[in-house]
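*Asks:* Those protein sequence lines, which keep their order, are chains A and B.
Quick note: the first sequence uses my numbering, first residue 1, plus one each step.
Quick note: the second sequence uses my numbering, first residue 1001, plus one each step.
Backbone N, C-alpha and C fix where the C-beta goes; we use that ideal spot for every residue, glycine too.
I have a structure here, written as structure tokens, and I will follow up with some questions on it.
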Amino acid sequence: MTGRRLLALLACVAASSAFAHEPSRSLLTLTVDGDVIRGHLDVSLRDLEEAVGLDADADAAISWGEVKAREQDIVRYAAQRLRVDAAGSACELAVSQKTVDTHGGAAYAVLDLEGACPAAPRRVRVSYGLMFDVDPGHRSLVEIGAGGTTTSAVLSAEHRAIETDLASLSPWSSFARFAAEGVSHIWHGYDHLAFVALLVLPIVLGRGPGKRRSWRGASLEILRVVTAFTLAHSTTLALAALGVLDVPTRLVESAIALSVLLAAVLNVVPAAPRLGAKLAFGFGLVHGLGFATALGDLGARDAGMLASLLGFNAGVELGQIAVVAAALPMLLALRCSAFWRNAVRYAGSAACGALAVVWLAQRL
Amino acid sequence: MAVVGRRRMSAAVLFCAALLFAAAAGAAPFVPEHDQQILERLPPRSGSEWTAIAALHEQLERDPAAAPAVAAEVARRYLELFRVEGDARLVAYAQRELAPWSSLADPPVEIALLRAEIAQLEHRFAEAESDLQRLLERVPREPQAWLTLAAIELVRGDYANSRRACAKLVLLHDALVAGACLAAVQAATGEAAQALAFLERGLESAELEPALAAWLETLAAETAEALGGNCAPGSSEAAPNHHRAALASAMDGGSAGARPSVYSLVAYADCLLRGGEARAAQALLAAAPPADPILLRLAVAEKRLGEQSDARLEQLRFRLQLALEGRAAAHAREATYFALYLLEQPELALARALDNWEVQREPIDARLVLESALASGRHEAARPVVDWLAVNGVEHADLKTLIARFAP
């Protein structure tokens, strides 16, 4: 009875205990391009140890040599349990394992996948059966990309296959959704708004005493500066979203706050360089990285990278244009008086600068 | 001036360029430098528990006729290891042992009990409950089934049914276990003072098994916290003393390898963090196994101490990715905790907290909803939870403070 009773007590305590640890998880990424299928399957070394055995010297540590020694077995194990079908017939899939990767602090073997289907598929079925016999809690996070859109699913012992209609993934729906998100991000991203305001203020209001541009000249200059800012942040947004760049969020957020502060200072210090197109471009590079974080949080990867990227960018632009268009008539009206010109420019820049200091303090 | 301007401008551009490329280059597949490079350390599989499991596996191969009893014993040992190591793979291994009976509606009693317990650990509460009900129709005098059922009803916030299941134990098992079972319900529902008195009396009795003592101590600590006790320096010592005693009892040989359970470590760490004792919480968890709830508390302690590490956050983000996206309900509590205290995204936290509330309704789950709603300024979203707490007579010092901050 003691054994039973022990279990009973522990069961009661553990009832409320969180299901503590993520179960084992693999990552399967596939891209379908015409009749060609490419991708990779990342399986954690802990899982492969359980499934095929890696730790040859039983020292509770897995070395690269031990992984290489079992390469053939790993490849065979995966190849036998992974299948892609197009229109009812299997695609040929070659598996190789030459590299490793780390995810969340754990080491993964990267299995490269390459194959061809009988014809360019409109519909694929991916069947996955690794690990389930030894670990019924195992999951695989699958992403299938085709034509710039991605669909994802979590496969488990109960749901071992995903079927995707490649033609039905609409890039337009992703585009529209992310355009709306882009507008909303600008409206709620006060740091970006502040920066755009700081770009526009000196152009409309002039910098020195007595200087005053025609509204036509001012509008063209605004167009130039805002376009430079846009080009820059579109570039880094794309690079970051595609995974070429990966800068820690905190650093980016701090740098954005710093850029607002610098812009505010440049606006009020008479000897400072003008906040023209080139500086706007430089700062735009930083802001783009911030947009990328927002885009990532919205799950752009699941929705199709290219369409969501373009949509988000378009939304950000629309949001920016709306802000400038709303502020412009008021600023143009104000610039008739030298007093108001300076008051708005100094007060506005000072307010933005003060906000930037607060943000910087929060983010550093 | 033009020259100065240009120089400053190039400085600004350089600053941007440096920012971009210095920190660039994310994780990508790589070829290790040499064969001896260690890529992964496995959790140690030495110790009496693993030896016993290996021996039992051998016995299973020799004598298939002994299967149900031996397989159940292996599964039980995996679950005990899970409680101290917090690695979900161990639950899956226990499930694997029971696979031959997985399709049977009425497996042998010990298999049915373990199956229900695994379902409960994976937060498949409805399934665990119906399994247990079915078993109790067959074997109405099975105390373990009533106790597990009581625990499930308690977590789900069905206090009446939890009390009913505990009451069955009075006749079937010993009075102390039945009383502690009831005390857990009382602690949540406004009778925490009586519950604490009962538990402390029970703890005075001699000859308690270490596992029983550890359980009673943790319950007593949580009950003291419901009454307003905490682990801040200078406040009443009841809560921290009981937490420490729970850990000490486990060390006396309560569970696998005389190690404290993840649950009791997390409970004490939460008490310390609420009391502003980040350094003590960090020290407590420094050598603890890397289970998600442990890493979350460690990360919060590090954040409070100004020692936050990006690697820790990335690790948690990867592990909790599906739960953060709302695709793993069993981890919604951890996802909420991560979003609220570490990512500081209260809207996201609120969404996950409400998902989690549909699954489990312990004080910490209510607390996560209330705090997320307050932080995101969406008070109305927590209204059903506030009402539910009132209707069910839930009383907890922390919740009371939080509820007071909601507009009436």
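1) Considering only C-alpha positions, which residue in the set E1277(B), L1042(B), R1405(B), V1394(B) is nearest to G1190(B)?
2) Closer than 7 Å, Cβ to Cβ, to anything on chain B: give me those residues from the region 39 to 61 of chain A, in chain order.
3) Give me the subset of the region 99 to 126 of chain A whose CB atoms are less than 8 Å from a CB atom of chain B, sorted by chain position.
4) Between S219(A) and chain B, is there a C-beta pair that is closer than 8 Å?
5) Rounded to the nearest angstrom, what separates W215(A) and V265(A) at their Cα positions?
6) Go ahead and label V1139(B) buried or exposed: buried means 16 or more other beta carbons lie within 10 angstroms of its beta carbon, across all protein chains shown.
7) Identify the residues that DSSP records as bridge partners of F1030(B): which are they?
8) What did DSSP end up calling A350(A) once you bin it into helix, strand or coil?
9) Buried or exposed: which applies to A1024(B), given that a residue is buried once 16 or more other Cβ atoms fall within 10 Å of its Cβ?
10) Using beta-carbon positions only, say whether F1125(B) and R1156(B) come within less than 8 Å of one another.
11) Helix, strand or coil: which one does DSSP assign to R83(A)?
12) Relative to chain B, which residues along the region 329 to 348 of chain A have a C-beta separation below 9 Å, given in chain order?
13) Between I1111(B) and chain A, is there a C-beta pair that is closer than 8 Å?
14) Bridge partners for V126(A) per DSSP, in chain order?
15) Taking the alpha carbon of R1077(B) as the point to measure from, which residue in R1319(B), A1193(B), C1271(B), V1091(B) has its own alpha carbon closest?
16) Buried or exposed: where does F19(A) fall if 16 or more other Cβ atoms within 10 Å of its Cβ makes it buried?
17) Would you say F1198(B) reaches chain A, if we count a Cβ-Cβ gap shorter than 8 Å as a contact?
18) Would you tell me roughly how many angstroms separate the C-alpha atoms of A146(A) and A240(A), rounded to the nearest one?
19) For C336(A), count neighbouring Cβ atoms within 10 angstroms of its own Cβ and tell me buried if that reaches 16, exposed if not.
20) At 8 Å on the CB atoms, spell out the chain A contacts of D1035(B), in chain order.
21) Cβ closer than 7 Å: which chain A residues qualify as neighbours of D1310(B)?
22) Counting only Cβ pairs nearer than 8 Å, list the residues of chain A close to Q1315(B).
23) With a threshold of 7 Å on Cβ separation, who are the neighbours of G1276(B) within its own chain once the five nearest residues in sequence on each side are excluded?
24) For the alpha helix (DSSP H) containing Y1268(B), list its first residue and its last residue.
25) When the Cα atoms are used, what is the spatial distance from P1068(B) to W1215(B)?
26) Leaving out five residues before and five after E50(A) in sequence, what residues of the same chain have Cβ atoms less than 6 Å from its Cβ?
27) Can you name, in chain order, every residue of its own chain whose Cβ lies under 8 Å from the Cβ of A179(A), other than the five neighbours on each side?
28) For P1250(B), collect the residues of the same chain with a Cβ closer than 6 Å to its Cβ; drop the 5 residues on either side in sequence, then sort them by chain order.
29) Would A78(A) be called buried (16 or more neighbouring beta carbons within 10 Å of its own) or exposed?
30) Which first and last residues belong to the alpha helix (DSSP H) in which A1366(B) is found?
31) Would you mind listing the alpha helix (DSSP H) stretches within the region 1072 to 1103 of chain B that are 4+ residues and don't spill past its ends, in chain order?
32) Can you check which of these residues, Y1159(B), E1142(B), A1187(B), I1152(B), is closest to V1170(B) by C-alpha distance?
33) Thinking C-beta only, is S1309(B) closer than 8 Å to E1347(B)?
34) Going by alpha carbons, who is nearest to T164(A) out of A347(A), L334(A), V84(A), L27(A)?
35) Among L27(A), R274(A), L285(A), L198(A), which has the Cα closest to the Cα of A107(A)?
36) What separation, rounded to the nearest whole angstrom, lies between the Cα atoms of V1386(B) and A1323(B)?
*Replies:* This is what the structure gives:
1) Here the question's residue 1190(B) lines up with position 190 in the second sequence. Nearest of E1277(B), L1042(B), R1405(B), V1394(B) to G1190(B), Cα basis: V1394(B).
2) Shown in chain order are the members of the region 39 to 61 of chain A whose Cβ falls below 7 Å from a Cβ of chain B: L45, R46, E49, D55, A60, A61.
3) Identification of residues in the region 99 to 126 of chain A having a C-beta nearer than 8 Å to some C-beta of chain B yields T99, V100, D101, T102, H103, G104, G105, A106, A107, V110, given in sequence order.
4) For the purposes of this step, residue 219(A) is taken as residue 219 along the first sequence, with counting starting at 1. Not one chain B Cβ lies under 8 Å of S219(A).
5) In the first sequence, counting from the first residue as 1, residue 215(A) sits at position 215. In the first sequence, counting from the first residue as 1, residue 265(A) sits at position 265. Separation of W215(A) and V265(A) (C-alpha to C-alpha, rounded to the nearest whole angstrom) is 25 Å.
6) Residue numbering aside, residue 1139(B) sits at position 139 when the second sequence is read from its first letter. Answer is exposed; the Cβ neighbour count stays below 16.
7) If you number the second sequence from 1, residue 1030(B) lands on position 30. Answer is V100(A).
8) In the first sequence, counting from the first residue as 1, residue 350(A) sits at position 350. A350(A): helix per DSSP, three-state reduction.
9) In the second sequence, the residue the question calls residue 1024(B) occupies position 24. At A1024(B) the pLDDT is 33, less than 50, meaning the model places this residue with poor confidence and gives no usable figure here.
10) The residue given as residue 1125(B) occupies position 125 in the second sequence. The residue given as residue 1156(B) occupies position 156 in the second sequence. Contact: yes.
11) On the first sequence, residue 83(A) is found 83 positions in, with the first residue counted as 1. Residue state, collapsed to three classes: strand.
12) Listed by position, the residues of the region 329 to 348 of chain A near chain B (Cβ gap below 9 Å) amount to none.
13) As a working note, residue 1111(B) is residue 111 in the second sequence. Interface residue (Cβ-Cβ distance to chain A less than 8 Å): I1111(B) is not classified as such.
14) Position 126 of the first sequence, counting from 1, holds the residue named residue 126(A). Looking at the DSSP output, V126(A) bridges to V84(A), I162(A).
15) Taking the second sequence and counting its residues from 1, the one referred to as residue 1077(B) is at position 77. Of the listed residues, the one whose Cα sits closest to R1077(B) is V1091(B).
16) Reading the first sequence from its first residue, position 19 is the one you call residue 19(A). Confidence at F19(A) is low in this model, with a pLDDT of 44, below 50, so its placement is unreliable and the value that follows should be read with caution. Buried, by the Cβ-count rule.
17) For the purposes of this step, residue 1198(B) is identified with residue 198 of the second sequence, where counting begins at 1. No, its Cβ sits nowhere closer than 8 Å to a Cβ of chain A.
18) The residue labelled residue 146(A) in the question sits at position 146 within the first sequence. The residue labelled residue 240(A) in the question sits at position 240 within the first sequence. Cα-Cα distance, rounded: 20 Å.
19) In the first sequence, counting from the first residue as 1, residue 336(A) sits at position 336. Exposed.
20) As a first step, residue 1035(B) must be located in the second sequence, where it is residue number 35. Those within 8 Å of D1035(B) in chain A are S63, W64, G65, K68.
21) Residue numbering aside, residue 1310(B) sits at position 310 when the second sequence is read from its first letter. The contacting residues are P248.
22) Here the question's residue 1315(B) lines up with position 315 in the second sequence. The contacting residues are G104, G105.
23) Against the second sequence, residue 1276(B) aligns to sequence position 276. The residues are A1232.
24) The sequence position of residue 1268(B) within the second sequence is 268, counting from 1. In the DSSP assignment, Y1268(B) falls within the alpha helix (DSSP H) that extends over 1262 to 1274.
25) Position 68 of the second sequence, counted from the start, is the residue given in the question as residue 1068(B). Position 215 of the second sequence, counted from the start, is the residue given in the question as residue 1215(B). Rounded to the nearest angstrom, the two C-alpha atoms are 28 Å apart.
26) The sequence position of residue 50(A) within the first sequence is 50, counting from 1. Excluding the 5 residues flanking it on each side, E50(A) has same chain C-beta neighbours closer than 6 Å at V134, in chain order.
27) As a working mapping, residue 179(A) is identified with position 179 in the first sequence. Hits under 8 Å: G311, F312, A314, G315, L318.
28) As a position in the second sequence, residue 1250(B) is number 250, starting the count at 1. The identity of residue 1250(B) in the sequence shown is Ala, whereas the question assumes Pro. So the qualifying residues of the chain are A1214, P1260.
29) In the first sequence, residue 78(A) corresponds to position 78, counting from 1. With 16 or more other Cβ atoms inside 10 Å of its own Cβ, A78(A) counts as buried.
30) Here residue 1366(B) refers to the residue found at position 366 when the second sequence is read from its first residue. Counting along the chain, the alpha helix (DSSP H) containing A1366(B) begins and ends at 1363 to 1376.
31) Runs found: 1088 to 1097.
32) Locating residue 1170(B) in the second sequence gives position 170, where the first residue counts as 1. Among Y1159(B), E1142(B), A1187(B), I1152(B), the Cα nearest to that of V1170(B) belongs to E1142(B).
33) Locating residue 1347(B) in the second sequence gives position 347, where the first residue counts as 1. Locating residue 1309(B) in the second sequence gives position 309, where the first residue counts as 1. Not in contact: E1347(B) and S1309(B) (Cβ atoms no closer than 8 Å).
34) Translated into the one-based positions of the first sequence, residue 164(A) becomes position 164. Selected option, being the one with the closest Cα: V84(A).
35) Residue 107(A) sits at position 107 when you count from the first residue of the first sequence. Nearest of L27(A), R274(A), L285(A), L198(A) to A107(A), Cα basis: L27(A).
36) Within the second sequence, numbered from 1, the residue matching residue 1386(B) stands at position 386. Within the second sequence, numbered from 1, the residue matching residue 1323(B) stands at position 323. Answer to the nearest angstrom: the Cα atoms are 24 Å apart.
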